[in-house]
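K.L.:
This is the structure I have questions about; it appears just below.
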Amino acid sequence: MTNEALSQGSREQTDGFHLVIDALKLNDIDTIFGLVGIPITDLARLAQAEGMRFIGFRHEQHAGNAAAIAGYMTQKPGICLTVSAPGFLNGLTALANATTNCFPMILISGSSEREIVDLQQGDYEEMDQLAAAKPYAKAAYRVLHAEDIGVGVARAIRAAVSGRPGGVYLDLPAKLLAQSLDAEQGRKSLIKVVDAAPRQIPAPESVKRALDVLKSAKRPLILLGKGAAYAQADADIRAFVEKTGIPYLPMSMAKGLLPDSHVQSASAARSYVLAEADVVLLIGARLNWLLAHGKGKTWGSAPKQFIQVDIAPTEIDSNVAIAAPLIGDIGSCVSALLAGVDAGFAKPSAEWTGAIAERKDKNLTKMAATLALNPSPMNFHSALRAIRDVLKPRPDIYVVNEGANTLDFARSIIDMAEPRKRLDSGTWGIMGIGMGYAIGAAVTSGKPVVAIEGDSAFGFSGMEIETICRYQLPVCTIVFNNNGVYRGTDVNPTGGKDVAPTVFVKGARYDKMIEAFGGKGYHATTPDELAAALVEAIASGKPALINAVIDEAAGTESGRLTNLNPQLAAKKK
Ligand SMILES: Cc1ncc(C[n+]2csc(CCOP(=O)(O)OP(=O)(O)O)c2C)c(N)n1
Ligand SMILES: [Mg+2]
Numbered sequence: 007m008t009n010e011a012l013s014q015g016s017r018e019q020t021d022g023f024h025l026v027i028d029a030l031k032l033n034d035i036d037t038i039f040g041l042v043g044i045p046i047t048d049l050a051r052l053a054q055a056e057g058m059r060f061i062g063f064r065h066e067q068h069a070g071n072a073a074a075i076a077g078y079m080t081q082k083p084g085i086c087l088t089v090s091a092p093g094f095l096n097g098l099t100a101l102a103n104a105t106t107n108c109f110p111m112i113l114i115s116g117s118s119e120r121e122i123v124d125l126q127q128g129d130y131e132e133m134d135q136l137a138a139a140k141p142y143a144k145a146a147y148r149v150l151h152a153e154d155i156g157v158g159v160a161r162a163i164r165a166a167v168s169g170r171p172g173g174v175y176l177d178l179p180a181k182l183l184a185q186s187l188d189a190e191q192g193r194k195s196l197i198k199v200v201d202a203a204p205r206q207i208p209a210p211e212s213v214k215r216a217l218d219v220l221k222s223a224k225r226p227l228i229l230l231g232k233g234a235a236y237a238q239a240d241a242d243i244r245a246f247v248e249k250t251g252i253p254y255l256p257m258s259m260a261k262g263l264l265p266d267s268h269v270q271s272a273s274a275a276r277s278y279v280l281a282e283a284d285v286v287l288l289i290g291a292r293l294n295w296l297l298a299h300g301k302g303k304t305w306g307s308a309p310k311q312f313i314q315v316d317i318a319p320t321e322i323d324s325n326v327a328i329a330a331p332l333i334g335d336i337g338s339c340v341s342a343l344l345a346g347v348d349a350g351f352a353k354p355s356a357e358w359t360g361a362i363a364e365r366k367d368k369n370l371t372k373m374a375a376t377l378a379l380n381p382s383p384m385n386f387h388s389a390l391r392a393i394r395d396v397l398k399p400r401p402d403i404y405v406v407n408e409g410a411n412t413l414d415f416a417r418s419i420i421d422m423a424e425p426r427k428r429l430d431s432g433t434w435g436i437m438g439i440g441m442g443y444a445i446g447a448a449v450t451s452g453k454p455v456v457a458i459e460g461d462s463a464f465g466f467s468g469m470e471i472e473t474i475c476r477y478q479l480p481v482c483t484i485v486f487n488n489n490g491v492y493r494g495t496d497v498n499p500t501g502g503k504d505v506a507p508t509v510f511v512k513g514a515r516y517d518k519m520i521e522a523f524g525g526k527g528y529h530a531t532t533p534d535e536l537a538a539a540l541v542e543a544i545a546s547g548k549p550a551l552i553n554a555v556i557d558e559a560a561g562t563e564s565g566r567l568t569n570l571n572p573q574l575a576a577k578k579k
């Protein structure tokens, strides 16, 4: 052996495993949500050995949802790590959901031998994962050489958080992880991403146009979307709303950006303001189905002008004409608008704000009467009243929420007072985010989480209560148990043995599930029992599950989305 070879041989070596972890750590990523197996088990072990937190799940979809919500909360990409083909596909739902909701996350999956996959020779967990991920991700990359890991991770981070955030897929073939490399060369190949999500300053003429349209309004309205919440421009957004005096509506996950009790909140007069407003300023809210696409009955017959603040220029005019687009990051756009609200800016007329206040009062009085009732069995309202009262003095608690009726009623009854504390089914109205979001929120914040779950919704991620117990997370899950999807009263019209498609086992005891893993289960049949259980669970800071028995006849089909169900066209003679 030559001297050179000897000295080379004694030089420090690194490998793909180490470089992935080093690249993540270099970019201040300290947590991985995932599920182990070939070829990434050692990657997870190494992450833990190197001081990162590895949170292991029972199904990849929930690890992916945890990563996505961590990204939403922190503006840093959440990381989800999975095995190849089936593990990757399980994570892909979460990646697609993150992209749809504009949450920054990176799905990192191990993959099988490229040569065998590409010739379709039947490798272990063979699949062209990169191609499968592309349509559902904001970006997708594959790294083939260990010296490119630094670039791959840097590109993934930038793609996830810059511009409109989204889900990014990073494909790591098994062979790559085992490749070795001179350690010094490896170190030099890593990239620390500088200014991953650069500010995008709006053009002054766009700001002026937006302000001019706003000033022309007789009945202005501000709509805050979760993009506004994501931006963490809370103080400026609040200042802008308050300085202009314009009534506002928060979309579901923007609740708490200003406290729901705010005098300018028009939530309790939603249908009125949407129909009557003449100028609508959208801040980080898209005119998608959740806003009836900006047209139709919901928006009334009065002519409307829209001002839209968004980071993505292609969002503009996607559903209706936008009179004044304002393109840039939301923080920069709102601060530019705020600077333009000078002494000459007239507050909305008392006629407009008075009419809204009148509707609000009427609707709130009606709601208070409904909430005060105490039916037996409990219904959604009485159960949510109990939860609302317990949560009121605790604005720091995260609220995760999914279901149909459980989602719709909780959204309107549970007030939020702090930004980014409400995490729910989001843009897709997806079921299955519950335990993943709850775990992601608890791990990321260290704060308590209360997950308000329909019994069907809970089932999608219910096994993760073992994960909650394993990591001893301060998560209290409340299952709204109405024996089924929407309600528990449907019957099989044939009289056959199978129950109706919407119906579950009657009187199921979800509280017993958590006891299997050492958590605390509660069975609540009255609002008082529910409140007492919730108070105790929150105080304990430990994993808990409350089985809240709800009248199985109380819900409606699809909650408030009944009208989206296609109607049967064929009538049987
Ligand atoms: C992934 C996914 N699958 C199916 C659905 C259809 N879906 C909408 S709400 C819902 C469950 C509603 O029942 P539950 O969670 O018990 O709420 P409830 O109305 O009974 O309170 C289902 C299955 C969905 N939205 N997402
Ligand atoms: Mg249900």
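Numbered continuously in the working numbering, the sequence shown closes out at residue 579. Note that CB positions come from ideal geometry on N, CA and C, so glycine has one too.
So, alanine 76 versus alanine 100, is the Cβ gap smaller than 8 Å?
P.N.:
Walking along the sequence shown from the start, residue 76 turns up at place 70. Walking along the sequence shown from the start, residue 100 turns up at place 94. Contact: no.
K.L.:
As a quick exercise: from Met437, Ala559, Asp240, Gly40, pick the residue whose alpha carbon is nearest that of cysteine 86.
P.N.:
Within the sequence shown, numbered from 1, the residue matching residue 86 stands at position 80. Cysteine 86 has its Cα closest to that of Gly40, out of Met437, Ala559, Asp240, Gly40.
K.L.:
Within the chosen definition, does the region 563 to 577 reach the region 523 to 538 through at least 3 CB pairs nearer than 8 Å?
P.N.:
Three or more beta-carbon pairs separated by less than 8 Å are not found between the region 563 to 577 and the region 523 to 538, which leaves the two stretches without contact.
K.L.:
Which term fits tyrosine 492, buried or exposed, when burial requires 16 or more other beta carbons within 10 angstroms of its beta carbon?
P.N.:
As a working mapping, residue 492 is identified with position 486 in the sequence shown. Tyrosine 492 should be labelled buried.
K.L.:
Counting beta carbon pairs with one atom in the region 418 to 437 and one in the region 279 to 291, are three or more of them shorter than 8 Å?
P.N.:
No, the region 279 to 291 does not touch the region 418 to 437.
K.L.:
Quick one: what does DSSP say proline 354 is sitting in, helix, strand or coil?
P.N.:
Along the sequence shown, read from residue 1 onward, the residue named residue 354 stands at position 348. Residue state, collapsed to three classes: coil.
K.L.:
By DSSP's criteria, glutamine 6 is part of a beta bridge. Which residues make up the other side?
P.N.:
Here the chain covers residues 7 to 579 and nothing more, so residue 6 does not appear.
K.L.:
Check whether the Cβ atoms of isoleucine 197 and alanine 166 sit closer than 8 Å, and answer yes or no.
P.N.:
Residue 197 sits at position 191 when you count from the first residue of the sequence shown. Residue 166 sits at position 160 when you count from the first residue of the sequence shown. No, these two residues do not count as a Cβ contact at 8 Å.
K.L.:
Who pairs with leucine 397 in a beta bridge, going by DSSP?
P.N.:
Position 391 of the sequence shown holds residue 397. DSSP lists no partner for leucine 397.
K.L.:
Exposed or buried, serine 355, counting other C-beta atoms within 10 Å across all chains shown (16 or more means buried)?
P.N.:
The residue you call residue 355 lines up with position 349 of the sequence shown. Classification for serine 355: exposed.
K.L.:
Tell me the rounded alpha-carbon separation between valine 286 and proline 331.
P.N.:
Translated into the one-based positions of the sequence shown, residue 286 becomes position 280. Translated into the one-based positions of the sequence shown, residue 331 becomes position 325. In a straight line, the C-alpha of valine 286 is about 12 Å away from that of proline 331.
K.L.:
Would you kindly check if the distance between the Cβ of arginine 59 and the Cβ of threonine 37 is under 8 Å?
P.N.:
Numbered from 1 along the sequence shown, position 31 holds the residue referred to as residue 37. Numbered from 1 along the sequence shown, position 53 holds the residue referred to as residue 59. Yes. Within cutoff.
K.L.:
Quick check on threonine 473: buried or exposed, where buried means 16 or more other Cβ atoms within 10 Å of its Cβ?
P.N.:
In the sequence shown, the residue the question calls residue 473 occupies position 467. Counting Cβ neighbours within 10 Å, threonine 473 comes out buried, since at least 16 surround it.
K.L.:
Could you give the DSSP three-state label for leucine 379: helix, strand or coil?
P.N.:
Within the sequence shown, residue 379 is the residue found at index 373, counting from 1. DSSP places leucine 379 in coil when its eight states are reduced to three.
K.L.:
Going by C-alpha to C-alpha distance, which of Glu56, Leu49, Ala102 sits closest to glutamine 67?
P.N.:
By one-based count along the sequence shown, residue 67 stands at place 61. Cα-wise, what sits closest to glutamine 67 is Ala102.
K.L.:
Near phenylalanine 63, what residues of its chain come up, given a Cβ to Cβ distance below 8 Å and the 5 sequence neighbours on each side ignored?
P.N.:
By one-based count along the sequence shown, residue 63 stands at place 57. Counting only Cβ-Cβ distances below 8 Å, and skipping sequence neighbours, we find Phe39, Gly40, Leu41, Ala69, Ala72, Gly442, Ile445, Glu470, Thr473.
K.L.:
Go through its chain and collect everything with a Cβ distance to threonine 568's Cβ below 7 Å, but skip five positions before and after it.
P.N.:
In the sequence shown, counting from the first residue as 1, residue 568 sits at position 562. Here the set comprises Thr562.
K.L.:
Which runs of the beta strand (DSSP E) spanning at least 3 residues fall entirely within the region 81 to 112, listed in chain order?
P.N.:
Counting only runs of at least 3 residues, the region 81 to 112 fully encloses the following beta strand (DSSP E) elements, listed from N- to C-terminal order: 84 to 88.
K.L.:
To the nearest angstrom, report how far apart alanine 11 and aspartate 188 are at their CA atoms.
P.N.:
Residue mapping note: residue 11 aligns to position 5 of the sequence shown, counting from 1. Residue mapping note: residue 188 aligns to position 182 of the sequence shown, counting from 1. Legend: pLDDT at alanine 11 = 46, less than 50; position of this residue unreliable, value from coordinates given subsequently. Straight-line Cα distance between these residues: approximately 13 Å.
K.L.:
Could you give the distance in angstroms between the alpha-carbon of alanine 416 and the alpha-carbon of valine 149?
P.N.:
Along the sequence shown, one-based indexing puts residue 416 at 410. Along the sequence shown, one-based indexing puts residue 149 at 143. Taking the straight line from one Cα to the other gives about 44 Å.
K.L.:
Just to confirm, are alanine 180 and serine 118 a CB contact at a threshold of 8 Å?
P.N.:
In the sequence shown, counting from the first residue as 1, residue 180 sits at position 174. In the sequence shown, counting from the first residue as 1, residue 118 sits at position 112. A contact, by the Cβ cut-off of 8 Å.
K.L.:
To test your reading of the DSSP string, which unbroken beta strand (DSSP E) runs of 3 or more residues are found completely within the region 498 to 575?
P.N.:
526 to 530, 550 to 555
K.L.:
Taking 6 Å as the limit, tell me which residues put their C-beta closer than that to any heavy atom of ligand 1, in chain order.
P.N.:
Gly409, Ala410, Asn411, Thr412, Gly435, Ile436, Met437, Gly438, Gly460, Asp461, Ser462, Ala463, Phe486, Asn488, Val491, Tyr492, Gly561, Gly565
K.L.:
Compute the Euclidean distance between the alpha carbons of glycine 128 and isoleucine 122, then round it to the nearest angstrom.
P.N.:
As a working mapping, residue 128 is identified with position 122 in the sequence shown. As a working mapping, residue 122 is identified with position 116 in the sequence shown. Rounded to whole angstroms, glycine 128 to isoleucine 122 spans 7 Å at the Cα level.
K.L.:
Between phenylalanine 510 and glycine 490, is the Cβ-Cβ spacing less than 8 Å?
P.N.:
Translated into positions along the sequence shown, residue 510 becomes position 504. Translated into positions along the sequence shown, residue 490 becomes position 484. Taking 8 Å as the Cβ cut-off, phenylalanine 510 and glycine 490 qualify as a contacting pair.
K.L.:
How would you label glutamine 314, buried or exposed, when you count the other beta carbons within 10 angstroms and need 16 or more for buried?
P.N.:
Here residue 314 refers to the residue found at position 308 when the sequence shown is read from its first residue. Answer is buried; the Cβ neighbour count reaches 16.
K.L.:
Taking glycine 300 as the reference, give the member of Ala318, Ala329, Glu424, Pro319 with the closest Cα.
P.N.:
Walking along the sequence shown from the start, residue 300 turns up at place 294. If we check each option's Cα against that of glycine 300, Ala329 comes out closest.
K.L.:
Express the C-alpha separation of glutamate 153 and serine 195 in angstroms, rounding to a whole number.
P.N.:
The residue given as residue 195 occupies position 189 in the sequence shown. The residue given as residue 153 occupies position 147 in the sequence shown. Their Cα atoms are separated by approximately 6 Å.
K.L.:
What's the call for glutamine 135, buried or exposed, on a 16-neighbour Cβ count within 10 Å?
P.N.:
Here the question's residue 135 lines up with position 129 in the sequence shown. Counting Cβ neighbours within 10 Å, glutamine 135 comes out buried, since at least 16 surround it.
K.L.:
Give me the DSSP bridge partner(s) of threonine 37.
P.N.:
Taking the first residue of the sequence shown as 1, we reach residue 37 at position 31. According to DSSP, threonine 37 bridges with Arg59.
K.L.:
If you follow the beta strand (DSSP E) that aspartate 6 is in, where does it begin and where does it stop?
P.N.:
This structure leaves residue 6 out entirely; the chain is present only between 7 and 579.
K.L.:
Using C-beta distances below 8 Å, list every residue in its chain close to alanine 392, excluding the 5 sequence neighbours before and after it, in chain order.
P.N.:
For the purposes of this step, residue 392 is identified with residue 386 of the sequence shown, where counting begins at 1. For alanine 392, where only same-chain residues beyond five positions count, the Cβ hits under 8 Å are Pro533, Asp534, Leu536, Ala537, Leu540.
K.L.:
Does arginine 148 come out as helix, strand or coil in the three-state DSSP assignment?
P.N.:
Locating residue 148 in the sequence shown gives position 142, where the first residue counts as 1. Arginine 148: strand per DSSP, three-state reduction.
K.L.:
Which first and last residues belong to the beta strand (DSSP E) in which leucine 230 is found?
P.N.:
Mapped onto the sequence shown, residue 230 falls at position 224. Leucine 230 -> beta strand (DSSP E) spans 226 to 230.
K.L.:
Quick one: using the 10 Å Cβ neighbour count with 16 as the cut-off for buried, is valine 497 buried or exposed?
P.N.:
By 1-based counting over the sequence shown, the position of residue 497 is 491. With fewer than 16 Cβ atoms within 10 Å of its Cβ, valine 497 is classed as exposed.
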